[in-house]
Structures are given as structure tokens and as C-alpha cells.
Amino acid sequence: MAILYQHKIEEQLRFIGKKTNRPFISWSGEMDRVDPVYFFALGQACSFRERFYWSDRANETVYVGLGCTYSIETEEKEQRFHSVETQWKRWMEEIASYHNGTDATPILFGGFSFDPHKPKTDKWRAFPHAKMVVPTVLLSLKNKKATLTVTVPSECHEEVIEKIGMLMRLLSQEQRQPTSSLPKLVKYEEIQKEEWIHAVEKTIGNIRKGKLDKVVLAREARLSFADTIDPSAVLWRLREQQPFSYLFAFEQEGQCFIGASPEQLVKKEGDACYSVCLAGSIRRGKTFQEDEQLGQWLMHDEKNLREHQFVVQMIKEAIEAVCEHVDMPASPQLLKLQHIQHLYTPVIGEKCHAASVLSIVEQMHPTPALGGTPREKAMKEIREIEPLDRGWYAAPIGWMDAEGNGEFAVAIRSGLLSGKEAFIFAGCGVVGDSDPISEYEETKVKFTPMLSALGVERNE
Ligand SMILES: C=C(O[C@@H]1C=C(C(=O)O)C=C[C@H]1O)C(=O)O
Ligand SMILES: [Mg+2]
1 MAILYQHKIE
11 EQLRFIGKKT
21 NRPFISWSGE
31 MDRVDPVYFF
41 ALGQACSFRE
51 RFYWSDRANE
61 TVYVGLGCTY
71 SIETEEKEQR
81 FHSVETQWKR
91 WMEEIASYHN
101 GTDATPILFG
111 GFSFDPHKPK
121 TDKWRAFPHA
131 KMVVPTVLLS
141 LKNKKATLTV
151 TVPSECHEEV
161 IEKIGMLMRL
171 LSQEQRQPTS
181 SLPKLVKYEE
191 IQKEEWIHAV
201 EKTIGNIRKG
211 KLDKVVLARE
221 ARLSFADTID
231 PSAVLWRLRE
241 QQPFSYLFAF
251 EQEGQCFIGA
261 SPEQLVKKEG
271 DACYSVCLAG
281 SIRRGKTFQE
291 DEQLGQWLMH
301 DEKNLREHQF
311 VVQMIKEAIE
321 AVCEHVDMPA
331 SPQLLKLQHI
341 QHLYTPVIGE
351 KCHAASVLSI
361 VEQMHPTPAL
371 GGTPREKAMK
381 EIREIEPLDR
391 GWYAAPIGWM
401 DAEGNGEFAV
411 AIRSGLLSGK
421 EAFIFAGCGV
431 VGDSDPISEY
441 EETKVKFTPM
451 LSALGVERNE
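Numbering (full-length UniProt numbering), first residue to last: 1 to 460.
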């Protein structure tokens with residue numbers, strides 16, 4: 001069946017390509033369910049140099065993209081969200097779609113840098129301030145159905161069709177698990193630890209002087225391995241270790257930005273809109289009793305509640321601005337993840353009149369969970385004081401469809417894989433009664449998910 005399918009796709013792509021006068025064609029068809037991480041791994045075997053992976057917290061929507069047929073990129077600073085949206089709308093006019101009875105259409109997937117005004121370092125050279133792509137091959141797993149969407153230029157080159165054919169052939173073979181073995185760690189280094197603690201002290205001082213209310217400061221650790229890190233092995237482990245998180249990967253030019261984030265920025269589904277306030281943290285306990293105690297402490301700790309409240313206030317206002325009705329609990333709940341627990345307030349907006357999910361992202365980023373309060377002052381403080389180029393860390397990552405529906409997460413608990421090296425990132429909300437050493441410890445806990453996915457267990 002799969003072989004027939006392969007010929008069918010190849011044949012139809014050639015046929016449709018000749019018939020249409022639009023520059024791009026998009027073909028969709030239902031397929032047998034396939035493990036999405038395995039599909040991601042096959043992308044490399046078929047020499048697709050760009051890949052992405054997305055699954056939401058409930059694992060209800062999974063997208064895997066291979067290759068890049070169309071890319072929207074901008075280094076623009078002020079209008080980047082708007083610019084992506086305009087280009088996406090224009091591009092939608094250029095495709096001829098053949099859905100074969102499926103409800104699939106091409107989607108745009110990608111991300112943004114945290115702060116377009118911070119000078120970029122060489123590490124993030126391949127990651128523009130905004131980049132969203134239409135993949136050549138898209139696997140969608142939704143509502144228990146698997147769909148393949150192939151999007152190519154109408155005058156598609158034979159080599160692309162052959163690559164797709166090869167992918168279909170490999171898919172028809174017995175599924176193997178991608179290897180989850182990882183290379184040996186050679187070196188682990190926390191970058192500018194002392195400078196970072198000093199930056200936290202300075203920021204606490206500025207907050208106490210009344211200059212601003214909250215600033216999120218982040219830092220970095222660098223890991224060197226004996227061999228190249230395979231992103232599919234990391235993805236495989238993240239999926240096992242971090243259920244109830246968004247899994248994401250965006251690979252290009254041999255670099256892969258990857259992570260498992262618990263934090264939704266926003267989801268738009270017709271006229272419904274969802275967001276989450278997540279701020280305030282404590283580690284998990286070693287025993288059930290200790291874990292409960294730590295959770296209860298977090299629920300009542302004034303410093304953490306204050307950290308959380310800044311986020312609640314801002315997100316509430318942002319969602320109220322685009323929805324007629326907003327529903328959220330009056331006090332936070334606990335969200336327990338594998339290595340950490342957080343204060344958590346879910347937000348539901350009804351009768352949303354925003355034009356698209358991207359237009360809401362534009363209003364929301366950065367929330368005080370990643371930037372601070374007031375926003376502009378906090379951004380300036382981070383720019384001046386934080387010894388780090390955040391790149392895409394702590395910024396929106398996600399997808400959007402033709403109708404402007406879609407979902408974005410905040411790319412935390414993440415790292416950049418680059419050959420034999422991995423750079424991982426973690427930050428924390430600094431307020432007036434923060435203690436620099438406790439904040440340092442908190443970022444250590446937040447490194448754990450990526451460390452563990454990279455096969456590194458550190459408990460000191
Ligand atoms: C900045 C990060 O996490 C954010 C900061 C939190 C905090 O300070 O309590 C909690 C959740 C996230 O919103 C990170 O994980 O890097
Ligand atoms: Mg915190």
C-alpha cells in the first residue's frame with residue numbers, strides 16, 4: 001500500500017504541477033499512523049536539511065516538518081510579527097491545494113528571537129529575529145488521524161520528488177525506534193556564573209529603589225560531547241521524560257533549537273483563545289511528603305505569589321483586549337512537572353476578535369514570566385545587565401494555519417544543539433525580596449530537563 005502511495009504522490013505532484021498556473025502546489029492525503037519522532041529521524045536519512053517538531057501539552061496536535069519549501073524570514077525589529085503575517089497571507093494566494101478529502105492545509109511553523117534589539121552573537125547566526133517555514137513534507141497527527149501534506153513549487157525538481165519517494169519507501173518498512181544513545185559528555189561549564197549572580201544582586205537593588213517591579217534574568221550552561229548530538233535522540237528522551245510539556249525542535253544549517261516547555265503563550269481556535277500564567281517555582285520533593293510540603297510552601301510564599309501576580313495581571317489585560325469574556329481562577333494552582341513545580345493560572349477567552357494568533361503573540365510577548373514589569377524597563381535592564389544572548393530562548397515558538405488559528409509556546413527548558421556542543425538556558429523572575437543564591441539554585445533546577453534529555457545527570 002505504501003509503495004502505491006508513493007507512486008500516487010509522485011504522479012499527482014507531476015500532474016498537478018503541469019495543470020496549475022499558481023507557483024506552488026499542496027497535496028494532502030491520509031496515511032497510516034507513524035511515530036512522529038521516528039518520522040523526524042527519517043528526515044535526516046532522506047537528506048532533508050531542515051526539520052521541525054511540535055507537539056502540544058496534551059499530545060493532541062503533533063506536527064513534524066521536513067524540508068523547507070517556503071520560508072518567511074525577517075530581521076526587522078518593530079514589525080516582525082506583522083510582517084510574517086502579511087507575507088503568509090500573500091503566499092496563501094500562490095498555492096493550488098489538493099486535499100483528497102482531508103481537512104489538512106499547509107501550516108506555517110517557526111519562532112522568534114526574544115529581543116530583536118539585543119545585538120546578536122555568532123552562536124545564533126542561523127536564527128533570524130523571525131523565521132517561519134512551510135515544510136516540503138508535513139506530518140500532522142490530529143484527532144487520531146495521520147495526514148501527510150506535501151507542498152512544493154509547481155515546477156518541482158525531480159530530486160525533491162525523489163526525496164519524497166525515498167521517505168515513503170522508508171516509511172513502508174518496519175518501524176524502528178530512533179536510537180536514543182547519546183555521545184559521552186566531555187565538559188560541562190556554567191557560563192559567567194559569578195557575573196550572573198552579581199547581575200541578580202544589582203537588579204534586586206534597582207527593584208528596591210523602585211525603578212521597576214520584576215525582571216527575569218537568564219543564564220547559560222555549555223556542554224561538550226565526544227561526538228555529534230543527534231536531535232532525534234534528544235527529542236525521543238524529552239518525550240519520555242517530560243509528558244505534559246510542549247515538545248519543539250527547529251533545525252537548520254546543522255543547528256537545532258530544541259526543548260520541552262510547560263508554558264503556553266497563546267492558542268487561538270476560532271473565537272476561543274487560551275493562555276497560561278506560569279511563574280513561581282520550587283523543586284520536586286524526594287519523597288511524597290516532602291513534595292507536598294514544598295508545594296504547599298510555594299502556594300503560600302509571598303515572593304513567589306508576587307512573581308506570579310505580575311504575570312496574571314498582564315495576561316488578563318492582554319486577553320481582555322481581544323476577547324469579550326475572560327475566565328480565570330482567582331488564585332493559582334500547582335503544576336507539578338518532572339523536576340519542578342510551578343504556580344499556574346489557566347486563562348480562557350471567549351468571543352475572541354483578534355485577526356490571528358500571531359497578532360495576539362505580538363501583544364503578549366514578552367510576558368512578565370520571561371521579561372518583567374514594566375515591560376520596556378525590564379527589557380532595557382535585561383539588555384544592559386544579563387550576560388547572555390538569549391536568541392530564541394524564552395521567545396514564542398509555534399504554528400499558524402491559513403485561518404490565523406494556531407498555538408505558540410514560550411521556548412523555555414530549551415537548548416541549542418550545534419555539532420558536538422549544546423548550549424542550555426534557564427532564567428528566573430527577580431523581584432524585590434529575591435535572594436541571589438536561591439535564584440541561582442532555581443535556574444539550576446530549570447537546567448535539569450535539558451540536562452537529563454542530553455543524558456547528563458547532575459545532582460550537586
Ligand atoms: C524563565 C524560565 O521560567 C519562567 C520563570 C519562572 C519563575 O521564575 O518562577 C517560572 C516559569 C517560567 O515562566 C525558564 O525556565 O528558563
Ligand atoms: Mg521564580
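The beta carbon of each residue, even a glycine, is placed where N, CA and C say it ideally should be.
Being a predicted model, the structure only gives us computed values, none of them experimental.
Would you say the stretch 165-185 touches the stretch 220-228, given that touching needs at least three Cβ pairs under 8 Å?
Yes, they touch.
Between which two residues does the alpha helix (DSSP H) containing Trp-88 stretch?
The continuous alpha helix (DSSP H) containing Trp-88 extends over residues 80-92.
For a quick check, are the C-beta atoms of Pro-36 and Leu-141 less than 8 Å apart?
It is a contact, given that the beta carbons lie within the stated cut-off.
Quiz: which residues have CB nearer than 5 Å to ligand 2 non-hydrogen atoms:
This selection yields Ser-281, Cys-428 and Gly-429.
Taking the C-alpha atoms as reference points, what is the distance between Asp-291 and Lys-163?
Looking at the two C-alpha atoms, the distance is approximately 50 Å.
Does Gly-432 come out as helix, strand or coil in the three-state DSSP assignment?
In this structure, Gly-432 counts as coil in the three-state DSSP scheme.
Grouping DSSP H, G and I as helix and E and B as strand, with all else coil, what is Asp-291?
If DSSP states are grouped into helix, strand and coil, Asp-291 belongs with the helices.
In the DSSP assignment, find the unbroken alpha helix (DSSP H) run with Arg-169 in it and report its ends.
That run of the alpha helix (DSSP H) goes 158-172.
Inside the stretch 366-443 only - alpha helix (DSSP H) runs reaching at least 4 residues
Note on the stretch 366-443: whole alpha helix (DSSP H) runs with a minimum of 4 residues are 375-385, in chain order.
Following the continuous alpha helix (DSSP H) through Met-364, name the residue where it begins and the one where it ends.
Start and end: 357-364.
CB-CB under 6 Å to His-198, same chain, minus the five flanking residues each way: which ones, in chain order?
Within the same chain, His-198 has no close Cβ partners at all.
Buried or exposed for Gly-111, please, with buried defined as at least 16 other CB atoms from any protein chain shown within 10 angstroms of its CB.
With 16 or more neighbouring CB atoms inside 10 Å of its own CB, Gly-111 falls in the buried class.
Looking at Gln-175 and Tyr-38, is the spacing between their C-beta atoms short of 8 Å?
It is a contact, given that the beta carbons lie within the stated cut-off.
Return helix, strand or coil for Gln-252, following the three-state DSSP convention.
Of the three classes helix, strand and coil, the one that applies to Gln-252 here is strand, per DSSP.
Helix, strand or coil for Ser-232, going by three-state DSSP, please let me know.
It is helical.
Pull the bridge partners of Thr-61 from the DSSP assignment, please.
In the DSSP output, where bridge partners are listed per residue, Thr-61 has Lys-142.
Leaving aside the five residues before and after Met-1 along the sequence, list all residues of the same chain whose C-beta is less than 6 Å from its C-beta, in chain order.
With a pLDDT of 37 at Met-1, under the threshold of 50, the modelled position of that residue is not reliable, and the figure given next carries that caveat. Once the five neighbours on either side are set aside, Met-1 has no close Cβ partner at all.
Residues near His-308 by beta carbon distance below 6 Å, same chain, minus five either side:
Cβ neighbours of His-308 beyond the five flanking positions: Ala-279, Gly-280, Pro-332 and Leu-343.
Leaving aside the five residues before and after Asp-271 along the sequence, list all residues of the same chain whose C-beta is less than 6 Å from its C-beta, in chain order.
Answer for Asp-271: Lys-351 and Cys-352, listed in chain order.
By DSSP, does Phe-114 sit in helix, in strand, or in coil?
Phe-114 falls in the coil class under three-state DSSP.
Can Phe-15 be considered in contact with ligand 1, in the sense that its beta carbon sits closer than 7 Å to one or more heavy atoms?
For Phe-15, the Cβ stays outside the 7 Å cut-off from all heavy atoms of ligand 1.
Tell me the rounded alpha-carbon separation between Ile-282 and Val-215.
Going by C-alpha positions, Ile-282 is about 18 Å away from Val-215.
Other residues of its chain near Phe-127: CB distance less than 6 Å, five sequence neighbours each side excluded:
Only Gly-391 and Trp-392 meet the Cβ criterion.
Gln-255 beta carbon less than 8 Å from that of Leu-417
Result yes, Cβ atoms of Leu-417 and Gln-255 sit closer than 8 Å.
Looking only at its own chain, which residues have a Cβ that is under 8 Å from the Cβ of Phe-217, when we skip the five neighbours before and after it?
According to the sequence as given, residue 217 is Leu; it is not Phe. Cβ neighbours of Leu-217 beyond the five flanking positions: Trp-196, Ala-199, Val-200, Thr-203, Ile-382, Ile-385, Glu-386, Gly-427, Cys-428, Val-430 and Glu-439.
From the DSSP secondary-structure annotation, give me the bridge partner or partners of Lys-131.
As DSSP reads the structure, Lys-131 sits in a beta bridge with Glu-73 and Gly-111.
Does ligand 1 have even one heavy atom less than 7 Å from the beta-carbon of Ala-126?
In this structure, Ala-126 has its beta carbon at no less than 7 Å from each heavy atom of ligand 1.
Given Tyr-98, which residues of its chain have a CB within under 8 Å of its CB, disregarding the five upstream and five downstream residues?
The beta carbon of Tyr-98 sits closer than 8 Å to the beta carbons of Gln-12, Ile-16, Ile-25, Ser-26, Trp-27 and Ser-28 from its chain, once the five residues preceding and following it are set aside; these are given in chain order.
Assigned secondary structure, Ala-41 (DSSP; H/G/I helix, E/B strand, else coil)
Of the three classes helix, strand and coil, the one that applies to Ala-41 here is helix, per DSSP.
At least 3 beta-carbon pairs within less than 8 Å: the stretch 406-420 vs the stretch 251-267
Touching, per the Cβ criterion.
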